[in-house]
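Peer 1: The structure under discussion is supplied below as structure tokens; questions concerning it will follow.
Residue numbers (this note's numbering): 339 to 498.
Laid out in structure tokens, this is it:
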């Protein structure tokens with residue numbers, strides 16, 4: 339389990355846990371972040387943009403210039419990985435990770451409903467990709483749980 343925790347933490351930090359580290363060694367390459375954004379944009383029409391309103395399909399302009407900066411998308415991916423690990427360990431990922439991220443993007447960054455939908459969808463994809471295999475392995479131990487709780491991303495400050 340210790341090795342698994344180190345791998346998870348490496349993924350979380352490597353995906354850009356802090357904005358200052360977003361371009362540092364081990365950071366997820368822009369090409370991979372952009373690919374993730376393109377996949378989310380292809381699915382954006384399946385989610386909600388605001389109250390009771392489906393998102394419109396992505397435009398060619400959005401594919402050319404994604405509505406979320408790559409550095410922030412990298413941080414959202416890292417947050418999704420962290421949420422997946424927290425879910426596996428039985429931690430309250432919604433209140434401790436997801437809600438603070440969305441609050442910062444909504445209130446601090448003044449993101450549109452569409453940008454928020456993209457962020458939520460991207461977060462969910464990476465949360466699911468992380469939690470699924472971990473849950474299949476069984477429960478996390480207390481040492482792993484403590485490490486995952488300690489590594490939760492800090493969304494208390496604006497991202498821009």
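Yeah, the Cβ is synthetic: ideal placement off N, Cα and C, and Gly gets one too.
1) May I ask you to list the residues that DSSP assigns as paired with residue 386?
2) Identify the continuous alpha helix (DSSP H) that holds residue 484 and give its terminal residues.
3) What residue from 383, 423, 377 has the CA that sits closest to residue 471's CA?
4) Would residue 491 and residue 435 qualify as a contact pair, given that the criterion is a beta-carbon distance under 8 Å?
5) Starting from the N-terminal side, write out each stretch of the alpha helix (DSSP H) that is 4 residues or longer and does not extend beyond the segment 394 to 447.
6) I'd like the list of long-range same chain contacts for residue 418, defined as Cβ closer than 6 Å, with 5 residues on each side in sequence excluded.
Peer 2: The short version:
1) Looking at the DSSP assignment, residue 386 forms a beta bridge with 392.
2) Judged by DSSP secondary structure, residue 484 falls within the alpha helix (DSSP H) whose first and last residues are 480 to 488.
3) Considering only alpha carbons, the answer is 423.
4) Cβ distance < 8 Å, so residue 491 and residue 435 count as in contact.
5) You should have 398 to 402, 408 to 426, 437 to 441.
6) Taken in chain order, the residues that qualify are 461, 464, 465.
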